[in-house]
Amino acid sequence: MRLLNVGTKQLKDFMGDDNIPEYAILSHTWGEDEVTFDGLLDLFVKSKLGYTKIDYCCQQALEDGLEWVWIDTCCIDKSSSAELSEAINSMFRWYQNAVCCYVYLSDYFQSTGSDEVGNASGFANCRWFTRGWTLQELLAPKTVLFYSRTWIYLGSKDTLCKTLSEITGIERETLEGEALNRTSIARRMYWAAGRVTTRTEDLAYCLLGIFDVNMPLLYGEGEKAFFRLQEEIIKSSSDQSLFAW
Numbered sequence: 001m002r003l004l005n006v007g008t009k010q011l012k013d014f015m016g017d018d019n020i021p022e023y024a025i026l027s028h029t030w031g032e033d034e035v036t037f038d039g040l041l042d043l044f045v046k047s048k049l050g051y052t053k054i055d056y057c058c059q060q061a062l063e064d065g066l067e068w069v070w071i072d073t074c075c076i077d078k079s080s081s082a083e084l085s086e087a088i089n090s091m092f093r094w095y096q097n098a099v100c101c102y103v104y105l106s107d108y109f110q111s112t113g114s115d116e117v118g119n120a121s122g123f124a125n126c127r128w129f130t131r132g133w134t135l136q137e138l139l140a141p142k143t144v145l146f147y148s149r150t151w152i153y154l155g156s157k158d159t160l161c162k163t164l165s166e167i168t169g170i171e172r173e174t175l176e177g178e179a180l181n182r183t184s185i186a187r188r189m190y191w192a193a194g195r196v197t198t199r200t201e202d203l204a205y206c207l208l209g210i211f212d213v214n215m216p217l218l219y220g221e222g223e224k225a226f227f228r229l230q231e232e233i234i235k236s237s238s239d240q241s242l243f244a245w
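Position 38 of the sequence shown, counted from 1, bears residue number 38 in the UniProt record's numbering, the numbering being contiguous throughout.
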């Protein structure tokens, strides 16, 4: 696992789960000017729009007493298909093991707290709730903290639980930490329905952790990825509700 140091903004590889330090993790939606693995070394990196959320994340982690963060845009070398495959198959666990997950809502400008957010339609309309990858990023971590575009704290998964359940259709018990395997496969598929990803294959790949399966990534296979996902689920579960989906 590769982590970003919040002070130096330098990356470091950690081999083996026992050697990974405590870290915070970022959940966000991708924009047009992100800071990538290679781009982090660019002399003009701070001028990129995507650098703002990295800086916000690092500052918050520092305030929370953490030295390391994981951010998908810059902590994965996407030019390596092997590394990308390993990262996607490990991602649910990485979010699960994080001390906390910061959710950055780049299209939410309101600067008020939990009570007001719960009654604000703008919160429910955030792009973050429509993306495939952010489903596991809501479910996997124990502590999820929401921030506005200007990094104003809006509330946590706990304080916003009722609102999050209404927006996502995910039962409050699940949001409060009930094991995912207590929910039927069909219901978990329902949570993902309507969410979108940039690449067709990612509609399947983003669900690997939610169904606790692993499989190789084959970008270019299109919708076949979802059929492979179903096959892997059938191999690992006796839940027949998948066939009703």
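Glycine included, each C-beta is placed from N, C-alpha and C at the ideal position.
Exercise for the section: Using the Cα positions of residue 255 and C206, report the straight-line distance between them to the nearest angstrom. Expected result: Residue 255 lies beyond the stretch modelled for the chain, which goes from 1 to 245, so this question has no answer here.
Handout entry: Pick from S47, D212, K142 and L175 that is closest to A24, judged by C-alpha positions
Key = The residue labelled residue 24 in the question sits at position 24 within the sequence shown. Minimum Cα distance to A24 is reached at K142.
Exercise for the section: Run through the segment 132 to 180 for me and flag every whole beta strand (DSSP E) of 3 or more residues, listed as ranges in chain order. Expected result: Within the segment 132 to 180, the beta strand (DSSP E) runs of at least 3 residues that lie entirely inside it are, in chain order, 144 to 147 and 153 to 156.
Practice task
Can you tell me the Cβ-Cβ gap for Q60 and Y95, rounded? I've got them flagged as a contact below 8 Å.
Solution key: Position 60 of the sequence shown, counted from the start, is the residue given in the question as residue 60. Position 95 of the sequence shown, counted from the start, is the residue given in the question as residue 95. The pair is not a contact, with the Cβ atoms about 16 Å apart (cut-off 8 Å).
Practice task
Provide the residue span of the beta strand (DSSP E) that contains A24, from first to last.
Solution key: Residue 24 sits at position 24 when you count from the first residue of the sequence shown. Where A24 is concerned, the enclosing beta strand (DSSP E) stretches over A24 to S27.
Problem - Whether M215 touches E232 by CB criterion (8 Å) - result: Along the sequence shown, read from residue 1 onward, the residue named residue 215 stands at position 215. Along the sequence shown, read from residue 1 onward, the residue named residue 232 stands at position 232. One thing to note: M215 has its Cβ within 8 Å of the Cβ of E232.
Exercise for the section: Within 10 angstroms of the Cβ of L41, are there 16 or more other Cβ atoms? Answer buried if so, exposed if not. Expected result: Stepping through the sequence shown from its first residue, residue 41 is reached at position 41. An exposed status is given to L41, since fewer than 16 other beta-carbon atoms sit within 10 Å of its beta-carbon.
Problem - Segment limits, alpha helix (DSSP H) that includes Y190 - result: Mapped onto the sequence shown, residue 190 falls at position 190. Element bounds for Y190: I185 to A192.
Handout entry: Rounded separation between T150 and S106 - CA only
Key = Numbered from 1 along the sequence shown, position 150 holds the residue referred to as residue 150. Numbered from 1 along the sequence shown, position 106 holds the residue referred to as residue 106. For T150 and S106, the distance between alpha carbons rounds to 8 Å.
Practice task
Check D77 in the structure and name its three-state DSSP category.
Solution key: Along the sequence shown, read from residue 1 onward, the residue named residue 77 stands at position 77. Of the three classes helix, strand and coil, the one that applies to D77 here is coil, per DSSP.
Exercise for the section: Pull up the CB-CB distance for G50 and D33, whole angstroms please, since I reckon it's below 8 Å. Expected result: Locating residue 50 in the sequence shown gives position 50, where the first residue counts as 1. Locating residue 33 in the sequence shown gives position 33, where the first residue counts as 1. That belief holds up - the Cβ atoms of G50 and D33 are roughly 5 Å apart, short of 8 Å.
Problem - Element boundaries [alpha helix (DSSP H), containing R228] - result: Working through the sequence shown from its first residue, we reach residue 228 at position 228. Under the DSSP assignment, R228 falls in the alpha helix (DSSP H) whose first and last residues are K224 to S236.
Practice task
Please look up how many angstroms separate the CB atoms of residue 265 and Y104, rounded, as I've assumed it's under 8 Å.
Solution key: With the chain running from 1 to 245 in the structure shown, residue 265 is simply not present.
Exercise for the section: Identify whether L217 lies in helix, strand or coil by the three-state DSSP scheme. Expected result: For this step, residue 217 is matched to residue 217 along the sequence shown. For L217, the three-state secondary structure derived from DSSP is coil.
Handout entry: C57 versus R127: straight-line alpha-carbon distance, rounded
Key = Walking along the sequence shown from the start, residue 57 turns up at place 57. Walking along the sequence shown from the start, residue 127 turns up at place 127. Cα-Cα distance, rounded: 19 Å.
Practice task
May I have a chain-ordered list of the alpha helix (DSSP H) segments no shorter than 4 residues that lie completely inside the UniProt domain "Heterokaryon incompatibility" (23 to 112)?
Solution key: DSSP runs (the alpha helix (DSSP H)) wholly in the UniProt domain "Heterokaryon incompatibility" (23 to 112): 51 to 63, 72 to 75 and 81 to 97.
Handout entry: Bounding residues of the beta strand (DSSP E) (the contiguous stretch that carries L203)
Key = In the sequence shown, the residue the question calls residue 203 occupies position 203. Not the beta strand (DSSP E): L203 falls in the alpha helix (DSSP H), residues D202 to Y205.
Exercise for the section: Spatial neighbours of Y108 within its chain, please: CB distance less than 8 Å, with the 5 preceding and 5 following residues excluded, ordered by chain position. Expected result: Here residue 108 is taken as the residue at index 108 of the sequence shown, counted from 1. Excluding positions up to five away in sequence, the list reads G122, F123, C126, S148, R149 and L154.
Problem - Selected residue, minimal CA-CA separation from C75, among G65, N19, L138 and M1 - result: As a working note, residue 75 is residue 75 in the sequence shown. Considering only alpha carbons, the answer is M1.
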